[in-house]
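The UniProt record's numbering puts the last residue of the first sequence at 308; the count rises by one with no breaks.
Ideal Cβ positions, reconstructed from N, Cα and C, are used throughout, including at glycine.
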Amino acid sequence: MQTTHPEDPTVGYPGISKLRDQMMIMDTAPKWPKKPRFRLKEPFLKEIVQAHFDKNPHAIDVNISSFSQFDALLNNFTLKYQGKPLNAICEDLGLNIKDNKGVVEKVMAKYFGSNEAKLKNVELFSKVGIIPKSITLSPNGKRTEDMKFDSVDFDEWTENETFEESAIFDYFSNHNFVFLIYEEAYKNAPLKKNKFIGFKRIMFDEDFVDRKIRDLWTTVRNLVVNNELKEEYIRLKKTGEIRYTPTTNVPMTRVNFPKSTENIAFLRGTGSDAAQKTEMVNGIRMYRQYFWLRGDFMVDLLDKIDYL
DNA sequence: AATTTTGATAGCGGAATGGA
DNA sequence: TCCATTCCGCTATCAAAATT
């Protein structure tokens with residue numbers, strides 16, 4: 001752009017917003033058409049502070065400073081293991097793993113040089129605000145599940161007055177997401193048989209965050225602030241009988257948070273079992289809540305992106 | 001150092017829904 | 001009407017953190 005308009009840097013501004021997902025340590029704000037300022041990405045600053053206090057003894061330094069290098073590292077993994085089932089990859093990496101749900105993450109952590117099970121212990125990821133997520137496609141490339149993200153801190157959610165100050169805004173706006181994409185060997189195949197397909201890296205579209213995530217934030221916030229949360233029994237539609245959970249034999253209940261039927265972004269609870277509902281909001285005891293995005297939306301979104 | 005609790009990841013499973 | 005898909009509260013598992 002400089003070569004065509006060296007005297008007028010503003011002509012390049014629209015392109016800067018488009019370059020956001022290429023920039024690892026810097027970011028620009030606000031976005032086009034407003035005049036951009038440069039700033040350090042917030043997760044990077046946090047990591048610098050953390051490193052100072054040596055909070056992260058397991059972190060390794062793979063010495064990567066740009067996304068093209070990062071992408072290349074992921075591409076090497078893809079070239080080696082594309083189409084291979086998870087158990088074969090484990091074997092090749094020297095990981096002795098039973099059929100458990102932690103494998104997906106453990107494999108990646110190992111590849112990035114950490115023997116820890118958690119990818120968040122890999123400094124590279126936290127340093128530059130990369131959030132890894134795995135997604136499994138059905139044999140015909142459709143969604144198998146919806147996607148769970150972070151848990152909800154209701155104090156934070158209601159304390160902040162504006163969406164732009166909220167944690168969920170920061171989560172979706174200021175982070176890169178790397179998706180580890182797997183495909184089922186056959187319908188409902190066990191996890192370790194799933195084939196590794198590849199990586200995709202995205203930043204969520206500003207417009208999507210501003211509409212869908214803002215909707216979720218506003219709706220949930222209003223429900224809690226206005227004390228409009230309600231819990232009700234789940235009843236069988238045919239007979240009207242109350243449903244009971246299979247393991248704890250407690251009545252199943254629902255809370256009137258946004259559901260996946262009405263919204264791409266919604267809340268869903270999680271916990272050890274129905275007898276252990278630890279969260280308390282508006283006097284209602286409930287599972288710890290997480291925000292989710294619909295699986296079909298995620299698959300559509302990723303379909304538009306190229307593999308690394 | 002051993003044990004318990006918490007919480008994060010990823011997915012299960014039974015009922016409702018929808019298409020052929 | 002049958003069967004596949006979707007919905008959504010619930011659950012298996014593991015490891016980190018807290019507690020003893």
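Where the alpha helix (DSSP H) through residue i begins and ends
{"i": "Tyr171", "result": "167–173"}
{"i": "Lys193", "result": "Segment: none, Lys193 is in no alpha helix (DSSP H) and carries neither H nor E."}
Contact under 9 Å by Cβ, residue i with residue j
{"i": "Asn256", "j": "Asp215", "result": "no"}
{"i": "Ser176", "j": "Ile213", "result": "In the sequence on display, residue 176 carries Asn and not Ser. Against a cut-off of 9 Å, the Cβ pair of Ile213 and Asn176 comes out as no contact."}
{"i": "Met298", "j": "Met147", "result": "yes"}
{"i": "Gln289", "j": "Leu267", "result": "yes"}
{"i": "Leu86", "j": "Lys195", "result": "yes"}
{"i": "Trp157", "j": "Val209", "result": "no"}
{"i": "Met252", "j": "Ala275", "result": "no"}
{"i": "Leu223", "j": "Val104", "result": "no"}
{"i": "Trp292", "j": "Ser260", "result": "yes"}
For residue i, the three-state DSSP class (helix, strand or coil)
{"i": "Lys133", "result": "strand"}
{"i": "Leu302", "result": "helix"}
{"i": "Ser272", "result": "coil"}
{"i": "Phe297", "result": "helix"}
{"i": "Arg211", "result": "helix"}
{"i": "Val152", "result": "coil"}
{"i": "Glu159", "result": "helix"}
{"i": "Met108", "result": "helix"}
{"i": "Phe257", "result": "coil"}
{"i": "Asp99", "result": "Residue placement at Asp99 is poorly supported in this model, since its pLDDT is 49, which falls under 50; the coordinates are not used for a value here."}
{"i": "Glu232", "result": "strand"}
Where the beta strand (DSSP E) containing residue i begins and where it ends
{"i": "Leu86", "result": "Unbroken run through Leu86 is the alpha helix (DSSP H), 86–92; no beta strand (DSSP E)."}
{"i": "Asn75", "result": "Note, Asn75: premise wrong, no beta strand (DSSP E); alpha helix (DSSP H) at 67–81."}
{"i": "Asn176", "result": "176–183"}
{"i": "Val281", "result": "279–281"}
{"i": "residue 323", "result": "Only positions 1 to 308 of the chain appear in this structure, which leaves residue 323 out of reach."}
Best match in the options for proximity to residue i [C-alpha to C-alpha]
{"i": "Arg254", "options": "Leu86, Met286, Leu93, Thr248", "result": "Met286"}
{"i": "Gly295", "options": "Cys90, Tyr81, Leu93, Ile135", "result": "Ile135"}
{"i": "Tyr233", "options": "Gly94, Val103, Val250, Trp217", "result": "Val250"}
{"i": "Gly94", "options": "Lys110, Tyr81, Lys80, Leu79", "result": "Lys110"}
Near the ligand NAD: residue i beta-carbon under 8 Å from a heavy atom
{"i": "Gln82", "result": "The ligand content of the structure shown is nil, which means the ligand NAD is not present either."}
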